[in-house]
Structures are given as structure tokens and as C-alpha cells.
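Chains R and U are the protein sequences, given in the same order.
Per the working numbering, the very first residue in the first sequence carries number 22; after that it's consecutive.
Per the working numbering, the very first residue in the second sequence carries number 21; after that it's consecutive.
Where is the CB? At the ideal position from N, CA and C, for every residue including glycine.
Scroll down for the structure; my scribbles are underneath it.
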Amino acid sequence: MSSQAVRRLILIGLMIAIAGLITSINPVFLTLGNLQKLFQEAAQVGIIAVGFTLVMITAGIDMSIGGIVAITAMVSINILSYTKIPVPVFVPLLLLVGAFVGFINGYLITKFKLPEFIVTLAVRSVLSGLALVIAVKDSLGFVQNVYIQNDQYLWFGTQTFGSIYRTTIAFVILGVATQLFIKNTRAGTNIYAAGANPVAAKLSGVNTERTVLGVYVFSGICASMAAIFISSRMMTAMPELGIGSEMDVIASVVIGGTPFTGGVGDIWGTMLGSLFLALIKNGILKTGISPWYQPIAIGGIIVVTVIVDVWQKKAHEKLTARAKLRKLDAEARKSAA
Amino acid sequence: MTTQTNTNDDLLVCKQIVKSYNGPLVLDRVDFSVKRGEVHALVGENGAGKSTIIKVITGATNRNSGDMMFDGQVIPLNHSRNNAQDLGIGVIFQELSLIPGMTVAQNIFLTKEPFFPGTRFINHRLMNRNAQELIDRYQFPLKATDVIDKLSIAQRQLVEILKAMSMNAKLMIMDEPTSSLTKTEVAMLFEIIRKLKSDGISVLYISHRMEEIYALADRVTVLRDGKLVAVLEKEQISPAEIIRLMIGHKLEENALSHKLEPKDGEVVLEVKDLTSVGKFEKVSFKLHEGEILGLGGLVGSGRTEVVRAIYGIDPIDEGSITYLGKPYKPSVLRSIKSGIGFIPEERRLQGILATLSITHNIGITNLDRLAPKFVLNLKKEGEFSREGIKLVNVKPPVPEQLVGNLSGGNQQKVVLAKWLIRNLKLVIIDEPTVGIDIGAKDEIYTHIKNLASQGVSILLVSSDLPELTRLSDRIIVLRKGRVFTEFKDCVVTSEKILRAASGILEEA
Chain R
22 MSSQAVRRLI LIGLMIAIAG LITSINPVFL TLGNLQKLFQ EAAQVGIIAV GFTLVMITAG
82 IDMSIGGIVA ITAMVSINIL SYTKIPVPVF VPLLLLVGAF VGFINGYLIT KFKLPEFIVT
142 LAVRSVLSGL ALVIAVKDSL GFVQNVYIQN DQYLWFGTQT FGSIYRTTIA FVILGVATQL
202 FIKNTRAGTN IYAAGANPVA AKLSGVNTER TVLGVYVFSG ICASMAAIFI SSRMMTAMPE
262 LGIGSEMDVI ASVVIGGTPF TGGVGDIWGT MLGSLFLALI KNGILKTGIS PWYQPIAIGG
322 IIVVTVIVDV WQKKAHEKLT ARAKLRKLDA EARKSAA
Chain U
21 MTTQTNTNDD LLVCKQIVKS YNGPLVLDRV DFSVKRGEVH ALVGENGAGK STIIKVITGA
81 TNRNSGDMMF DGQVIPLNHS RNNAQDLGIG VIFQELSLIP GMTVAQNIFL TKEPFFPGTR
141 FINHRLMNRN AQELIDRYQF PLKATDVIDK LSIAQRQLVE ILKAMSMNAK LMIMDEPTSS
201 LTKTEVAMLF EIIRKLKSDG ISVLYISHRM EEIYALADRV TVLRDGKLVA VLEKEQISPA
261 EIIRLMIGHK LEENALSHKL EPKDGEVVLE VKDLTSVGKF EKVSFKLHEG EILGLGGLVG
321 SGRTEVVRAI YGIDPIDEGS ITYLGKPYKP SVLRSIKSGI GFIPEERRLQ GILATLSITH
381 NIGITNLDRL APKFVLNLKK EGEFSREGIK LVNVKPPVPE QLVGNLSGGN QQKVVLAKWL
441 IRNLKLVIID EPTVGIDIGA KDEIYTHIKN LASQGVSILL VSSDLPELTR LSDRIIVLRK
501 GRVFTEFKDC VVTSEKILRA ASGILEEA
């Protein structure tokens, strides 16, 4: 069994154990209503994390995702408040907001060879300010908390299909489609190659610049998509929406087994990771622990995950080295005999 | 009596040094000594054991057996870098080990910064003064407060030298110090080496460049295949003699000489007056169908730069390329499309995708066939992978295996395979067998030969002279960015190539 499969089985086992523990403390955990919300929560983070995973596979990072969520929500609330454009027309266009920001990120990174972290962090700052600037204000100039009453808009985040929230369904569709994309298309292969070794990839004919640009655009689109579902679910949107969600997204991706070093990772892992994270958050609430402990738990989990990964890698190397030695030994004995 | 004085003269004495990295002997009972205040050159082909003996002396690795004495003190078997520093052995590495953001003084006194008395606060003024004194003593063109980033490579080397001097180095080891210096900078370095010598400091100088050794060295030690071949005294030193010793005579006659037989098929590639300013100048040659054209020359002679330009990685300033009878403007994508393959030097840095499987590594250059539209044909990718693995005999023959976990030889085979399963007309191969065991080497040679016999033209760059002479049908030697000479239709030897690369023309 591959070390990736082992890792996943451990993660799933751990989730089952944690779920059992939570249920034993508070049986409400296992009710349909709670599970629905848990999966929706996982989906809201997970949709962003899907795009983020591709960025991480290219050995990059996108710190602007929270800003993209905020700006998309603000654009949306403006359209809802001031225009009569029908939802089916403008909602798909909202994805262009993220695509545009992602393009800017990618362009700056590939054209000027700037560090991903700084570029996207700066863009995040710009976006969080811009979100406040364009937020709907009252006559005194204070940011107004607009309640969304458009039923068509609320269709996305507040309705279920069967007994599953539409957000969750969207997440699963996006996740599966993206997984198929990165494993089964030329562009997907290029993403892995660009992250594994950009020089070798380039010499093999991969257009690494276009590939990197593409993943930032995709990351932006995913963040905008999440913004639609989250604002719809909350039936409102504040300019701070999504700011700070980077932590949850990074945690999901890292728990899912996509390292910061690039060239490795997939969406199945990220989907598991976001579910794991939602489970922990939900568990903290359901077991009566103060929600203030959520960020502490998330930070701790990231560190533990990274430690375990490093440890597992070392153990794996040790095992292969030992196997090699044994083989050499056997050969030596054979030639001696 | 004479032996007695000799021993006192010797700063470093190594006797019967043996070193092996779990396998063949890299150093086989080598005797080696450096006298006080001499410039001692260490020469040998790639793999002769030069770097290993340096590593043994500086404590970067440990010898298996043999005695070493430095300045009258016995160097224990578990030698270390710190120990070497304490003894007074300084090294100037090819890749300099300075910290870019810091000043000259900070670098010189790193971990030895002077404090204000009774405190742990650094006395910057004193540190700068001490550094400046050291600089002035050797009249280096430096200021103690210069930041490393702003210095040229040559100046950085000086800082390295000062760093070693500040630790009272008695022996200064310089590993190919001139490889990235300009002419005037080399002259300056030579002045400094002579000054060090007159101060009684010994210099151990490693270089491929015969003229430098001739100009500097008091004595030369020649290594070959991990064994000591000869120690030449000043009056015995001549470039031709050194080269003869490096290559060795016996081998020369059978294994290493090779009759060149140029192929005169159709011209596949013609390069005319190719120039890239500062890298190479007016390089011209023709490559015929099914021919293996070897590019020889020292490291830095422009070989790699020429082939990179032809493949379309680096831009060309002047000159023209004709490929398959048509003018060709290189770009990586165009090259791949039109049947050119490229196997780069430095496999780990440029060749492999370590975190990906053999299948994906082989697939990456064949995406045009695997995914003509958009969707990747996974079944076909698997077939390509199995075909490639079988073709070059990758071990283990497991398509899912991550390439990073393969041995060096098998990694190189994968790099080979991703091109071999394509319909190629021209392959550029740069240093195909560096760091590869002999078995894998032979296999790779067979593949290169087979390719040529199938009509594929090959441009081969190699510093491994036996490899170059054995594989090539014709050899061009580059020197300082220009074509120096061409070998065709004659018996070529490693010695001839090395002489040409060192700028010695054969008498007609």
C-alpha cells in the first residue's frame, strides 16, 4: 500500500473515532440537521481549498483568497441592492471577479517573477480595502448590513437537494471534476510538472508560465464561487466576509496531504481535509468547548500534521534504505557462495 | 639527515590514504604532501579523486585508513571541518559560502565577532577596524563595510581568503578558483597567491587549466583513478607532460583511442557564426544524419551554452541555424515539435520530476501525442511508460515508482526514455553519465549508439574524455567560447582532446 493510502486510512479512522467521541458526549452530533450543517461547513471551506490545492501543487501559495471572497460578496450585494439584473445572469458573472483577481496574481508572479506569497498578500490587502470602499453604505456613510431577500439568490446556500445542501453538492461536483482534470488532462499534468521541477518541465516543453497563471485564475474562481454560497447561506454579506479564512483553507489542504513543496497532492485529500476540519470545529461546539478554542485547535492540527508528515517521510526513507542494504547483503552473500 | 629537513619542510603529509564510499576505492593508498610556503597544484581527470582528497583534508568526509599530519600534529581518523579550521586549513570553495546580506567584516568574523568587554554586544567599530587591517595587509580592493551582494565574484573570493586568513590559515585550498573570473581578475588572484606564498602560506591549487598550473605551481601532484601517478617538481612541469600523466599511456593504446569515422549523410543541422555575447562567439559546424558529433572543451568553454541556444532555451545574438534544410529559429516548443530532444546536464536540477512517477516523467514530453486535444489518454500514457521502461531497462520496472526514489543511473534512463519513444531526428545530450555507475553507463552508451544507427543525429557534450572519444564520430573542441579545432578521420585520444581544450595545437 502506498504511503499516501496509509495516510488517508489513518485520517478516515481518526475522523470516525473523533465522531464517535463527540457523539458519546453529545448525541445531537449524529442528527441529520447537524450532519447537514457539518458537510455544508466543510463545503464552504472546501470549495476554496480545491483551487488552493492546485496552487500548492505548483509550489505556490494564494493568500488573496479571503480578499476575493470579500470583494465578490460586495459586488454581489451591490448588484442585488441597486440593480434588477436577474440572478441567473449575474451570478455566473461573479466568477469573473475571482478570475480577474487570479489573473492579476498570476500575471505579477509569472511576468515579473515576484514571490507568490508577497504578491497575493498585497492583493489581499488591496481587496479587503476595496471591499469596504464598495460596501453598501447608509446615509451617514456607515457600512450597512444588507439582508438578502432574493429567493433565487438564497437558492444556492439555504436549500437542500434531497437532504444535502446545494453547497455540499457543488463542492462534491467541483472536487470530482477538478480531480479528474488534474489527473486526466494535459493541463493537469503540466500543473504537477511545474511544481515538481519547473526547469525540467520547461525543458520538456511545458509552458510553466501559462500553467502557473492558470492555477491562480482557477483559485480565484473557486474563491468567488465560495463567496456566492456563503453569502447566500448567511443571507447577508459583510465586507469582512472570508477575510481570515486562509487559515482554514491551508489547514484543509495540508491535512489532505498536499505539501508546500509542490509536485504532490490531489483533491481527494483536500476533500477529506476540509471534512476533518469541519468535524473538529463542529465537535468543539457540540461538546460545549468555547469556540475561541477553534483557531488554537486548527493551528495545533496543522503543526501536528506537518510533524507527522516529516516523520513518515523519514521512516519511509529509513525503510527503503534498510531494504536496499538487505538486498546488497544478499547479493554479497550470493557472490561469496 | 636530508629526510629530517624534508619532514620539517612539510606542512601537510598524507600517507597511504584510503577512501571508499561503500564500494570501489575512490582513493587507493595515496601519498600526498604539501610543503611550507609552496603553491602545490593537484590535477586529474573528473573522477580521479581530487575532490575526495580535498574533502578528506578539510574534514568534509573521513578517510578509511592512512596517516595524516598537519603542521606536526596528527590528524585523527574522525577529522572534522571545525578541526581543520582550528588546525589552520582554509578552503575557498567553487560555490562561495558567504552570506549575501552581510558586510565583508561581518562575514569574516562570523561566529567570532568581538564583543564590548564584559557584554555579549558586538563591537561593530572594532570588528570593522580589524577587518580593514586584514584587508590593508594584503591590499585587497575591498572595504570592510562593503555588502557582499555588491561585490564581484572575484572580490567575494578575496573575502573568503580573508576569512581563512583571520583564522590563521597555514594552508589555503582553492578549488577551481578561476572558473568564473575575467582575465584581469585572474591576474589579480595570481598576485595574491604569490603574496600568500611569500608570507609562508601554502596554497593547494586545483585546476583544469594547464596554463595556470604552469604559471603558478611549484610542484604538481597528478592523480588518476584514485591513485597517485606522479609528483612533478618545478622544472619538470609542462602542460603536455601533465596531460600525458593524467590520461595514462597504457590505457590510451587500446581502450581510450578511437578511430573517428565521420558520416557524410544529409546535413541535418547547420550552425553558422552562432554568437551569444559573453558566452560563445562565431561557432559554426554541420551535423549529418546518424552522426554523433562530440563537443569537447573545459568547463566554461561554452559547450553547454551552445547546445542550450540551439534547443531554444537561451537567446542567440547573432548567426544562423539551418535545420532539415530550412532556416530555424529555436524555441523549446518548436524544437520538441520538430523532432529535437534535449537531455540536460544536472539530472536532478533539470532532468527529472522527482515527485512524479516514471509514467508521468515519460509522459511529459509526449503530451502532444497523449493529449492531442485536452483529455489525457491514461491508457496510452501507461503504454508509453511500459515501452520506455522496457526500451532502456529501468529498474525497478514499475511505472508507478516515483523517479526521485530511483538510483542516479535509472533516473537518467528515464530522462532518456521520455525522448527515445518519440520520433526524433536530433538529440542534444549534455553530460549523460555524471554520477552514474559503470553498468548503467554502458547501457546508456548502447542506447546512444543505437539511436545514431537508426539515423538520429546526436550532439554530445561531455567532460568525460573516454566517453567523448568512444561515442563520437567527429569531435569539435571549444575553447573560450570559440571552436578551437576539429577532429575527424583520424585516431583520437583523450590526450589529444585535453591538449586542444587546454589550447595546445598539434604540430602538423
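**Study point:** Test item: CB-CB of R/N126 and R/S85 under 8 Å
**Key:** Going by C-beta atoms, R/N126 is nearer than 8 Å to R/S85.
Check your understanding: In whole angstroms, what is the alpha-carbon distance linking R/S24 and U/I409?
Key -> One C-alpha to the other measures close to 23 Å.
Check your understanding: U/A250 bridges to which residues according to DSSP?
Key -> Its beta-bridge partners are U/V242.
Check your understanding: Between the beta-carbon of U/F362 and the beta-carbon of U/Y343, is there less than 8 Å?
Key -> No.
Exercise for review: Could you check what DSSP says for U/K346 in three-state terms: helix, strand or coil?
Suggested key: In the structure shown, the three-state DSSP call for U/K346 is strand.
**Study point:** Given R/S360 as reference, the closest of R/F281, R/S102, R/V112, R/R145 once Cα atoms are compared
**Key:** Summary: the structure shown does not reach residue 360 of chain R, with chain R confined to residues 22 through 358, and so no result is reported for it.
Practice item. Determine the direct distance from the alpha carbon of U/A472 to that of U/N386, and round the result to whole angstroms. Key: The alpha-carbon atoms of U/N386 and U/A472 are separated by roughly 21 Å.
Exercise for review: Identify the contact partners of U/H380 in chain R, using a Cβ-Cβ distance below 9 Å as the criterion.
Suggested key: The contacting residues are T210, Y213, A214, A217.
Review point. Just to confirm, are U/E65 and U/L491 a CB contact at a threshold of 8 Å?
Key: Against a cut-off of 8 Å, the Cβ pair of U/L491 and U/E65 comes out as no contact.
Practice item. Please confirm if the region 441 to 457 of chain U is in contact with the region 382 to 399 of chain U, defined as three or more CB-CB distances below 8 Å between the two stretches. Key: Enough Cβ pairs lie closer than 8 Å, so yes.
**Study point:** Segments assigned alpha helix (DSSP H), at least 4 residues, entirely inside the region 292 to 351 of chain U
**Key:** The region 292 to 351 of chain U is shown to contain whole alpha helix (DSSP H) runs of 4 or more residues at 323 to 331, in chain order.
Check your understanding: Taking Cβ-Cβ distances below 7 Å as the criterion, which residues of the region 73 to 89 of chain R are in contact with chain U?
Key -> Near chain U, meaning a CB-to-CB distance below 7 Å, no residue of the region 73 to 89 of chain R qualifies.
Review point. Cα separation between U/V435 and U/G428?
Key: U/V435 and U/G428 have their C-alpha atoms spaced approximately 11 Å apart.
**Study point:** Members of the region 394 to 407 of chain U that neighbour chain C once the beta carbon cut-off is set at 8 Å
**Key:** The structure shown contains no chain C; the protein chains it does contain are R and U.
Point to revise | Within 8 Å, strictly: CB atoms of U/R367 and U/Q431 | key: Yes, these two residues count as a Cβ contact at 8 Å.
Check your understanding: Just how far apart, CA to CA, sit R/L135 and R/A143?
Key -> If I take the Cα positions, the gap works out to 12 Å.
Exercise for review: Below 8 Å between beta carbons is the criterion; list the residues of the region 324 to 355 of chain R that meet it against any residue of chain U, in chain order.
Suggested key: Hits within the stretch, in order: T341.
Practice item. Starting from R/T232, trace the beta strand (DSSP E) both ways and give me its first and last residue. Key: Annotation for R/T232: no beta strand (DSSP E) segment contains it, though the alpha helix (DSSP H) segment containing it runs 229 to 255.
Review point. Helix, strand or coil: how does DSSP classify U/M192 here?
Key: U/M192 carries a strand assignment under DSSP once its states are collapsed to helix, strand and coil.
Review point. Where do the N-terminal and C-terminal ends of the beta strand (DSSP E) with U/I128 fall, by residue?
Key: It is not in any beta strand (DSSP E) - U/I128 instead sits in the alpha helix (DSSP H) that spans 124 to 128.
Practice item. Return yes when the Cβ of R/I169 is within less than 8 Å of the Cβ of R/M256, no when it is not. Key: With respect to R/I169, R/M256 sits close: the two C-beta atoms are nearer than 8 Å.
Exercise for review: Could you tell me how far apart the beta carbons of U/I128 and U/A151 are, in whole angstroms, since I believe they sit closer than 8 Å?
Suggested key: Contact annotation, U/I128 with U/A151: C-beta distance approximately 5 Å; criterion of less than 8 Å satisfied.
Point to revise | Residue burial classification, U/P197 (beta-carbon count within 10 angstroms, cutoff 16) | key: Label assigned to U/P197: buried.
Point to revise | Given 8 Å, three or more beta-carbon pairs between the region 175 to 191 of chain R and the region 275 to 282 of chain R | key: These segments do not touch.
Practice item. Pull up the CB-CB distance for U/I74 and U/Q177, whole angstroms please, since I reckon it's below 8 Å. Key: About 16 Å separates the two Cβ atoms, so there is no contact after all.
Check your understanding: Can you list the residues of chain R that U/P335 reaches, using a CB-CB cut of under 8 Å?
Key -> Chain R residues near U/P335: none, gap ~15 Å exceeds 8 Å.
Review point. By the 10 Å Cβ neighbour count, where 16 or more other Cβ atoms means buried, how is U/E401 classified, buried or exposed?
Key: Burial check for U/E401: the Cβ neighbour count within 10 Å reaches 16 or more, so the residue is buried.
Check your understanding: Which residues mark the beginning and the end of the alpha helix (DSSP H) in which R/I212 is found?
Key -> Here the alpha helix (DSSP H) through R/I212 covers 207 to 217.
Check your understanding: Who are the neighbours of U/V352 on chain R, taking C-beta pairs under 8 Å?
Key -> Those within 8 Å of U/V352 in chain R are K223, L224, G226.
Exercise for review: Give the interface partners of U/N425 over in chain R, defined as CB-CB distance under 8 Å, in chain order.
Suggested key: Residues of chain R passing the Cβ test: T341.
**Study point:** chain U contact residues for R/G284, given Cβ-Cβ distances below 7 Å
**Key:** The answer, in chain order, is L373, T375, L376.
**Study point:** Contact list for U/I448 against chain R, beta-carbon separation under 9 Å
**Key:** Per Cβ cutoff of 9 Å: no residues; U/I448 is ~10 Å from chain R at best.
Review point. Residues of chain U with a CB under 7 Å from the CB of R/R207: which are they?
Key: Within chain U, L387, A391, F394, L396 have C-beta atoms less than 7 Å from the C-beta of R/R207, given in sequence order.
Check your understanding: Is U/G121 near U/D48, with beta carbons less than 8 Å apart?
Key -> Going by C-beta atoms, U/G121 is not nearer than 8 Å to U/D48.
Point to revise | DSSP-derived helix/strand/coil call for U/A164 | key: Correct three-state label for U/A164: coil.
Exercise for review: Just mark U/F135 as buried or exposed, buried being the case when its beta carbon has 16 or more other beta carbons within 10 Å.
Suggested key: That one is exposed.
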